[in-house]
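>
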Amino acid sequence: MGLPPRNLTVKGHGPTLVLVHGTAGSRSSFGTLPWYLRDRFRVARYDRRGTGTWPIGEAEAVPRVERHAGDLEEVIRALGCDPVVLFGTSFGATVVLETLRARPMQVCGAILHEPAILDAGDENSSPVAREYLRLSSAGREQEAVERFLARLGSRGHEGDRPGGVRGGSPDRKAVARDLAAAVAWQPRLDELGAIEVPVLLLESELSAPATRASVERLARALPGARRETLAGAVHVLAGDETWRRVAEIVGPFVEDSARR
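First residue of the sequence shown: 1229, per the numbering used here; consecutive thereafter.
1) Report the option in 1271, 1370, 1440 whose CA atom is closest to the CA atom of residue 1237.
2) Leaving out five residues before and five after residue 1334 in sequence, what residues of the same chain have Cβ atoms less than 7 Å from its Cβ?
3) What are the complete beta strand (DSSP E) segments, minimum 3 residues, inside the region 1295 to 1321?
4) Out of curiosity, what's the CA-to-CA distance linking residue 1486 and residue 1289?
5) Can you tell me the Cβ-Cβ gap for residue 1274 and residue 1471, rounded? I've got them flagged as a contact below 8 Å.
6) Excluding the five sequence neighbours on either side, which residues of its own chain have a C-beta within less than 8 Å of the C-beta of residue 1433, listed in chain order?
7) Report the three-state DSSP secondary structure of residue 1413 (helix, strand or coil).
8) With DSSP as the reference, please indicate the residues paired to residue 1360 in a beta bridge.
9) Would you kindly check if the distance between the Cβ of residue 1247 and the Cβ of residue 1319 is under 7 Å?
10) What would DSSP say about residue 1292, mapped onto helix, strand or coil?
11) Looking at the structure shown, is residue 1439 part of a helix, part of a strand, or coil, going by DSSP?
12) Give the DSSP-derived three-state secondary structure of residue 1254 in the structure shown.
13) Along the chain, where does the alpha helix (DSSP H) that runs through residue 1469 open and close?
14) If residue 1447 sits next to residue 1429, beta carbons under 8 Å apart, how far is it from one beta carbon to the other, in whole angstroms?
15) State the beta-bridge partners of residue 1282 as determined by DSSP.
16) State buried or exposed for residue 1280, treating a residue as buried only when at least 16 other CB atoms are found within 10 Å of its CB.
17) Pick helix, strand or coil for residue 1397, following the three-state DSSP scheme.
18) Quick one: Cα of residue 1441 to Cα of residue 1339, how far?
19) Given this structure, state the Cα-to-Cα distance separating residue 1233 from residue 1254, to the nearest angstrom.
20) In angstroms, rounded to a whole number, what distance separates the CA positions of residue 1291 and residue 1415?
21) Can you list, in chain order, the residues of its chain with a C-beta nearer than 6 Å to that of residue 1341? Leave out the 5 residues immediately preceding and following it.
22) Between residue 1296 and residue 1477, what straight-line distance do the alpha-carbon atoms span, to the nearest angstrom?
23) If you run the structure through DSSP and keep just helix, strand and coil, what is residue 1337?
24) For residue 1429, does the three-state DSSP call read helix, strand or coil?
25) For residue 1244, count neighbouring Cβ atoms within 10 angstroms of its own Cβ and tell me buried if that reaches 16, exposed if not.
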């Protein structure tokens, strides 16, 4: 099944920026960010496979990170424009990473906010990965999801629920699929040093140590990447003030990347 109808929101004019949301979210998770950027850029966002307006059947296999990257390339083709800049957060940033590894010609830059690098087979894997693997292998996948959401909720911001959903409840099946895909992904960080497009690594000042350690690990694999810290922010980006600060950081990067 290809990109469903009405699964792509585009606002503004100028160089194209594609937003890729994280776990427990949807395209609406980017809050006011598109409004801060639409005067300078063509801002596109979509619901990833298995979320929002892109449902999948009960019998369908869990979409792997590579499948999500293929979907992102389809979104880029559907936009039918000059090379784009990609901005992914959390699992969405993992999808962007896998897309960069394939080195598509249509990408001229990437912003990665705290990618979910959860390789459970790595001795440096995150506590989230170890906990998910332990619980899911014992048939307690639902408990793993609830614990993951509790982690996100404990780091919420300005009353927002995980994924930027106000007053609602995250799709727990979609969360379980993302966790399974993130843990199964083999990062292949040694291949990322060959990435030629500009990369901006974005991290939140108040994220968990394991999350920031993943950013540090990625920075070593991408020696040419720029690195910026969002002061006072947590892993789940939410709230108008946070999105305003994000726009201030990413705007110049998108402009510079598009001019190359």
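C-beta: ideal position from N, C-alpha, C; glycine also.
Let's see:
1) With distances taken between Cα atoms, residue 1237 lies closest to 1271.
2) These residues qualify, in order along the chain: 1304, 1311, 1312.
3) Taking only runs of at least 3 residues, the beta strand (DSSP E) segments lying wholly in the region 1295 to 1321 are 1312 to 1317.
4) In this structure, the straight-line span from the alpha carbon of residue 1486 to that of residue 1289 is close to 37 Å.
5) Not a contact, Cβ separation roughly 18 Å.
6) Within the same chain, residue 1433 has close Cβ partners 1457, 1458, 1459, 1460, 1461.
7) Correct three-state label for residue 1413: coil.
8) DSSP lists no beta-bridge partner residue for residue 1360.
9) The answer is no: Cβ separation not under 7 Å.
10) In the structure shown, residue 1292 adopts coil according to DSSP, grouped into three states.
11) Of the three classes helix, strand and coil, the one that applies to residue 1439 here is helix, per DSSP.
12) Coil.
13) It spans 1468 to 1487 - the alpha helix (DSSP H) in which residue 1469 sits, taken as one unbroken run.
14) Residue 1447 to residue 1429, Cβ: 6 Å. Contact.
15) Paired residues: 1279.
16) Result: buried.
17) Three-state DSSP puts residue 1397 in coil, outside helix and strand.
18) The straight-line gap from Cα to Cα measures roughly 17 Å.
19) Rounded to whole angstroms, residue 1233 and residue 1254 show a C-alpha spacing of 16 Å.
20) Looking at the two C-alpha atoms, the distance is approximately 16 Å.
21) Correct list, in chain order: 1317, 1321, 1430.
22) Between the C-alpha atoms of residue 1296 and residue 1477 there is a straight-line separation of about 26 Å.
23) Note: residue 1337 maps to strand in three-state DSSP.
24) Three-state result, residue 1429: strand.
25) By the neighbour-count criterion, in which a residue is buried when 16 or more other Cβ atoms sit within 10 angstroms of its Cβ, residue 1244 is buried.
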